[in-house]
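Heads up, the thing below is written out as structure tokens.
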Ligand code: 5GP
């Protein structure tokens, strides 16, 4: 009978060694369904954690402090920028959003793979600071579908809607520089594609050095014939 896997180092997908955590930068135009895809993904992968950003925008109905965002006023955000507390930050849709260095450190210390849902400007900054980051761009099946989704969720007034739609074209023009493109036409398919990318990234040789080192140590320690 095979022994149950009880080691805390064994992840849900059977990886047997501690590995340096993944930093997964996910971006895409507003309304493309990034949060929906993430919800599907986070529910099925215990090693994955969402980085919670700071924002100066007010909470939407149902959003929770520390879960969806850390909601701060302009002065607090400005003080954090001055103190270099952000790994990246950007003005988005007339508000400011940022990923704090403390948030990344907290999740890294907990041994989690981190996924960041951030805009194109922030993604650029993070990709230059962390060249090993995995970059994924979520695309809509069409621009018409994107506009319909944005209008359908009814969370923005007309002015905010116009800002978001105007930005989406410039954002989509950057998609070609990302490592992976996922089209969010069918959410279940988009989640499956995302999970497949993460699974493959965890299998990259350079992320499995602890496993290689252990096997080589074992080889060295074995009595030679
Ligand atoms: P929303 O207001 O719809 O939650 O987010 C608006 C946009 O801000 C989304 O495209 C989202 O990816 C982006 N965003 C959220 N958090 C951050 C962050 O920490 N940094 C940056 N640069 N963008 C963010």
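Numbering (our numbering), first residue to last: 4 to 228.
Glycine included, every Cβ here is placed at the ideal spot set by N, Cα and C.
Residue i lies in the beta strand (DSSP E); which residues open and close that run?
i: residue 94; result: 89-95
i: residue 52; result: 51-53
i: residue 36; result: Residue 36 -> no beta strand (DSSP E), and no H or E assigned at all.
i: residue 30; result: 26-30
Say yes only if the C-beta of residue i is nearer than 8 angstroms to one or more non-hydrogen atoms of ligand 2, and no if none qualify.
i: residue 64; result: Inclusion of ligand 2 in the displayed structure is not the case, the ligand content consisting of ligand 1 alone.
Which residue's Cα is closest to the Cα of residue i: the options?
i: residue 143; options: 159, 164, 184, 169; result: 184
i: residue 73; options: 122, 57, 130; result: 57
i: residue 81; options: 156, 27, 125, 99; result: 99
i: residue 193; options: 39, 24, 26, 28; result: 39
i: residue 94; options: 104, 60, 67; result: 60
i: residue 96; options: 131, 169, 51, 83; result: 169
i: residue 174; options: 77, 101, 125, 88; result: 125
i: residue 62; options: 212, 158, 110; result: 158
i: residue 104; options: 133, 37, 65; result: 133
Near residue i, which residues of its chain fall below 6 angstroms by C-beta distance, leaving aside the five closest residues on each side in sequence?
i: residue 181; result: 138, 140
i: residue 33; result: 167
i: residue 71; result: none
Determine the direct distance from the alpha carbon of residue j to that of residue i, and round the result to whole angstroms.
i: residue 198; j: residue 44; result: 7 angstroms
i: residue 127; j: residue 163; result: 23 angstroms
i: residue 30; j: residue 121; result: 5 angstroms
i: residue 41; j: residue 189; result: 13 angstroms
i: residue 191; j: residue 147; result: 21 angstroms
i: residue 150; j: residue 176; result: 17 angstroms
i: residue 210; j: residue 67; result: 34 angstroms
i: residue 69; j: residue 75; result: 11 angstroms
i: residue 213; j: residue 24; result: 12 angstroms
Using a Cβ-Cβ cutoff of less than 7 angstroms, which residues in the same chain neighbour residue i once the five nearest sequence positions on both sides are dropped?
i: residue 107; result: 54, 90, 117
i: residue 37; result: 29, 31, 120, 141
Start and end of the alpha helix (DSSP H) containing residue i?
i: residue 121; result: Segment: none, residue 121 is in no alpha helix (DSSP H) and carries neither H nor E.
i: residue 229; result: Missing from the structure shown is residue 229; the chain here goes from 4 to 228 and no further.
i: residue 171; result: 161-176
i: residue 84; result: 77-85
i: residue 70; result: Residue 70 -> no alpha helix (DSSP H), and no H or E assigned at all.
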